[in-house]
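Read in this note's numbering, the sequence shown has 811 at position 142, and its numbers run on one by one without any break.
In this text, a Cβ means the ideal position worked out from N, Cα and C, and glycines have one as well.
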Amino acid sequence: MTDPGIKSIRVRRGGTVFHIHGDNAGQEQVFLAKDQVNGLYDAPVKTTYRSGAYQDGSRYRGRKNPHRDMILGFHVIGTTSLYELNDSQFRRIFKYGPDMHVTTQIPTTIEVETTLSGTRMLDVYMYEEPDFAPGIDPLKQEYGNLILKLRAPQPMWYQDDATS
(Lines of atoms letter the chains of each structure in order from A and count residues from 1; the text may use other names and numbers.)
(Lines give C-alpha, C1' and ligand atoms only; values in the text may rest on other atoms or scores of the structure.)
Protein backbone atom coordinates (compact mmCIF):
# COMPACT_ATOMS: atom_id res chain seq x y z
CA MET A 1 0.00 0.00 0.00
CA THR A 2 1.24 3.49 -0.79
CA ASP A 3 1.78 6.14 1.87
CA PRO A 4 -1.59 7.94 2.37
CA GLY A 5 -0.01 11.10 3.76
CA ILE A 6 0.59 14.49 2.22
CA LYS A 7 3.31 14.33 -0.41
CA SER A 8 3.73 18.07 -0.68
CA ILE A 9 2.18 21.48 -0.08
CA ARG A 10 3.07 24.32 -2.41
CA VAL A 11 2.10 27.97 -2.73
CA ARG A 12 1.98 29.20 -6.32
CA ARG A 13 1.27 32.44 -8.13
CA GLY A 14 1.84 32.27 -11.85
CA GLY A 15 5.28 30.79 -12.46
CA THR A 16 6.49 31.42 -8.90
CA VAL A 17 6.31 28.35 -6.62
CA PHE A 18 7.27 27.87 -2.97
CA HIS A 19 7.57 24.26 -1.75
CA ILE A 20 6.55 24.70 1.89
CA HIS A 21 6.01 21.11 3.08
CA GLY A 22 6.92 17.59 1.95
CA ASP A 23 8.73 16.99 -1.32
CA ASN A 24 11.36 19.71 -1.93
CA ALA A 25 10.26 21.57 1.23
CA GLY A 26 12.27 24.69 1.86
CA GLN A 27 13.86 24.73 -1.57
CA GLU A 28 13.05 28.46 -1.68
CA GLN A 29 14.00 28.97 2.01
CA VAL A 30 10.34 29.06 3.20
CA PHE A 31 8.76 26.30 5.34
CA LEU A 32 5.26 25.76 6.74
CA ALA A 33 5.58 26.20 10.52
CA LYS A 34 4.66 23.34 12.83
CA ASP A 35 1.63 24.10 15.04
CA GLN A 36 0.80 27.21 12.96
CA VAL A 37 -1.68 25.65 10.51
CA ASN A 38 -5.30 26.62 11.16
CA GLY A 39 -8.27 26.29 8.78
CA LEU A 40 -6.50 24.42 5.99
CA TYR A 41 -8.14 21.02 6.35
CA ASP A 42 -11.91 21.42 6.69
CA ALA A 43 -14.24 23.74 4.79
CA PRO A 44 -16.47 25.87 7.01
CA VAL A 45 -20.16 24.93 7.31
CA LYS A 46 -23.04 26.96 8.76
CA THR A 47 -26.36 25.25 9.39
CA THR A 48 -29.71 26.88 10.05
CA TYR A 49 -32.49 25.47 12.24
CA ARG A 50 -35.85 27.00 13.08
CA SER A 51 -38.43 26.25 15.72
CA GLY A 52 -42.04 27.29 16.03
CA ALA A 53 -43.50 29.04 19.07
CA TYR A 54 -44.64 25.83 20.78
CA GLN A 55 -42.35 23.34 19.06
CA ASP A 56 -39.97 21.16 21.04
CA GLY A 57 -36.56 21.29 19.45
CA SER A 58 -36.16 22.68 15.96
CA ARG A 59 -36.29 21.78 12.29
CA TYR A 60 -33.39 21.79 9.86
CA ARG A 61 -33.68 24.63 7.31
CA GLY A 62 -30.44 24.43 5.37
CA ARG A 63 -26.70 24.80 5.24
CA LYS A 64 -24.18 26.96 3.46
CA ASN A 65 -20.43 27.08 3.09
CA PRO A 66 -19.08 30.58 3.76
CA HIS A 67 -15.57 31.64 2.79
CA ARG A 68 -12.70 29.72 4.39
CA ASP A 69 -10.35 31.66 6.69
CA MET A 70 -6.92 30.25 7.40
CA ILE A 71 -4.01 31.32 9.54
CA LEU A 72 -0.75 29.82 8.32
CA GLY A 73 2.68 30.38 9.82
CA PHE A 74 5.88 30.21 7.81
CA HIS A 75 9.56 30.03 8.72
CA VAL A 76 11.51 32.24 6.33
CA ILE A 77 15.27 31.81 6.44
CA GLY A 78 18.32 33.12 4.64
CA THR A 79 20.91 30.52 3.76
CA THR A 80 21.66 30.46 0.03
CA SER A 81 20.63 34.11 -0.32
CA LEU A 82 19.74 36.95 1.97
CA TYR A 83 16.78 36.50 4.33
CA GLU A 84 15.42 39.90 3.31
CA LEU A 85 15.19 38.84 -0.35
CA ASN A 86 13.50 35.51 0.47
CA ASP A 87 10.97 37.24 2.72
CA SER A 88 10.21 39.87 0.09
CA GLN A 89 9.74 37.33 -2.72
CA PHE A 90 7.38 35.23 -0.60
CA ARG A 91 5.29 38.20 0.56
CA ARG A 92 4.95 39.50 -3.01
CA ILE A 93 2.89 36.53 -4.21
CA PHE A 94 0.03 37.32 -1.80
CA LYS A 95 -2.58 39.99 -2.61
CA TYR A 96 -5.49 41.45 -0.63
CA GLY A 97 -8.02 40.90 -3.42
CA PRO A 98 -8.47 40.73 -7.16
CA ASP A 99 -6.77 43.49 -9.14
CA MET A 100 -9.64 45.55 -10.57
CA HIS A 101 -7.40 46.93 -13.34
CA VAL A 102 -6.42 43.54 -14.79
CA THR A 103 -8.72 41.41 -16.93
CA THR A 104 -6.76 38.17 -16.49
CA GLN A 105 -6.41 37.41 -12.79
CA ILE A 106 -3.50 35.33 -11.53
CA PRO A 107 -4.57 33.82 -8.20
CA THR A 108 -2.32 32.79 -5.35
CA THR A 109 -3.00 29.08 -4.94
CA ILE A 110 -2.30 26.61 -2.16
CA GLU A 111 -1.73 23.17 -3.66
CA VAL A 112 -1.87 20.02 -1.54
CA GLU A 113 -0.72 16.79 -3.17
CA THR A 114 -1.51 13.37 -1.73
CA THR A 115 -1.02 9.91 -3.17
CA LEU A 116 -4.73 9.12 -2.96
CA SER A 117 -6.28 12.36 -4.23
CA GLY A 118 -3.62 13.89 -6.45
CA THR A 119 -3.28 17.67 -6.35
CA ARG A 120 -6.09 19.79 -4.94
CA MET A 121 -6.08 23.57 -4.83
CA LEU A 122 -7.51 26.61 -3.04
CA ASP A 123 -7.18 30.18 -4.33
CA VAL A 124 -6.47 32.60 -1.48
CA TYR A 125 -6.14 36.28 -0.61
CA MET A 126 -4.89 37.97 2.56
CA TYR A 127 -7.77 39.38 4.62
CA GLU A 128 -5.59 41.29 7.13
CA GLU A 129 -1.99 42.32 7.40
CA PRO A 130 0.44 39.54 8.39
CA ASP A 131 1.62 38.99 11.94
CA PHE A 132 5.36 38.97 12.10
CA ALA A 133 7.32 37.41 14.96
CA PRO A 134 10.98 37.79 14.01
CA GLY A 135 12.54 37.52 17.45
CA ILE A 136 15.00 40.37 17.76
CA ASP A 137 16.59 41.24 14.41
CA PRO A 138 15.48 39.16 11.42
CA LEU A 139 18.23 40.55 9.19
CA LYS A 140 20.96 39.58 11.62
CA GLN A 141 19.37 36.23 12.53
CA GLU A 142 18.51 35.46 8.89
CA TYR A 143 15.14 34.21 10.18
CA GLY A 144 11.56 35.41 10.57
CA ASN A 145 8.25 33.79 11.51
CA LEU A 146 5.63 35.19 9.12
CA ILE A 147 1.99 34.47 9.99
CA LEU A 148 -0.47 35.07 7.16
CA LYS A 149 -4.22 35.48 7.51
CA LEU A 150 -5.65 34.03 4.31
CA ARG A 151 -9.17 33.76 2.91
CA ALA A 152 -10.44 31.39 0.22
CA PRO A 153 -13.63 32.97 -1.22
CA GLN A 154 -14.49 29.55 -2.71
CA PRO A 155 -13.96 27.31 0.35
CA MET A 156 -13.98 23.95 -1.44
CA TRP A 157 -10.84 22.33 -2.79
CA TYR A 158 -10.78 21.94 -6.56
CA GLN A 159 -8.57 20.02 -8.96
CA ASP A 160 -7.87 20.10 -12.66
CA ASP A 161 -10.24 18.10 -14.83
CA ALA A 162 -9.01 14.61 -15.60
CA THR A 163 -7.73 14.09 -19.12
CA SER A 164 -7.41 10.80 -20.91
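| query | Quick one: any contact between the region 765-772 and the region 673-690, if contact means 3 or more CB pairs under 8 Å? | reply | no
| request: Measuring alpha carbon to alpha carbon, tell me which of Asp738, Leu817, Met825 and Glu811 ends up nearest Thr748. | output: Numbered from its first residue, the sequence shown carries residue 748 at position 79. Closest option to Thr748, Cα to Cα, is Glu811.
| task | With a threshold of 16 other CB atoms inside 10 Å of the CB of Met739, please say whether the residue is buried or exposed. | result | Within the sequence shown, the letter at position 70 stands for residue 739. So Met739 counts as buried.
| query | Name the DSSP bridge partner or partners of Arg728? | reply | Position 59 of the sequence shown, counted from the start, is the residue given in the question as residue 728. Paired residue(s): Arg719.
| Can you round the beta-carbon distance between Arg820 and Val793 to whole angstroms, since I take them to be within the 8 Å contact cut? | Walking along the sequence shown from the start, residue 820 turns up at place 151. Walking along the sequence shown from the start, residue 793 turns up at place 124. Confirmed, Cβ separation roughly 6 Å.
| query | Taking C-beta to C-beta, are Val680 and Thr783 nearer than 8 Å? | reply | Along the sequence shown, read from residue 1 onward, the residue named residue 680 stands at position 11. Along the sequence shown, read from residue 1 onward, the residue named residue 783 stands at position 114. Result no, Cβ atoms of Val680 and Thr783 do not sit closer than 8 Å.
| Backbone CA spacing between Gly721 and Ser727 [nearest angstrom] | As a position in the sequence shown, residue 721 is number 52, starting the count at 1. As a position in the sequence shown, residue 727 is number 58, starting the count at 1. Taking the straight line from one Cα to the other gives about 7 Å.
| Where the beta strand (DSSP E) through Gln705 begins and ends | Here residue 705 corresponds to residue number 36 of the sequence shown, with the count starting at 1. Residues Val699 to Asn707.
| query | Does the Cβ of Pro713 have 16 or more other Cβ atoms within 10 Å, making it buried, or fewer, making it exposed? | reply | Indexing the sequence shown from 1 puts residue 713 at position 44. Exposed, since its Cβ has fewer than 16 Cβ neighbours within 10 Å.
| Would DSSP call Asp756 helix, strand or coil? | Counting from 1 along the sequence shown, the entry for residue 756 is found at position 87. Note: Asp756 maps to helix in three-state DSSP.
| Assuming Pro662 contacts Lys715 under a Cβ cut-off of 8 Å, what Cβ separation, rounded to an integer in Å, is found between them? | Within the shown structure, residues of the chain are numbered from 670 to 833, placing residue 662 beyond reach of any answer.
| request: Following the continuous alpha helix (DSSP H) through Lys764, name the residue where it begins and the one where it ends. | output: Residue 764 sits at position 95 when you count from the first residue of the sequence shown. Lys764 -> no alpha helix (DSSP H), and no H or E assigned at all.
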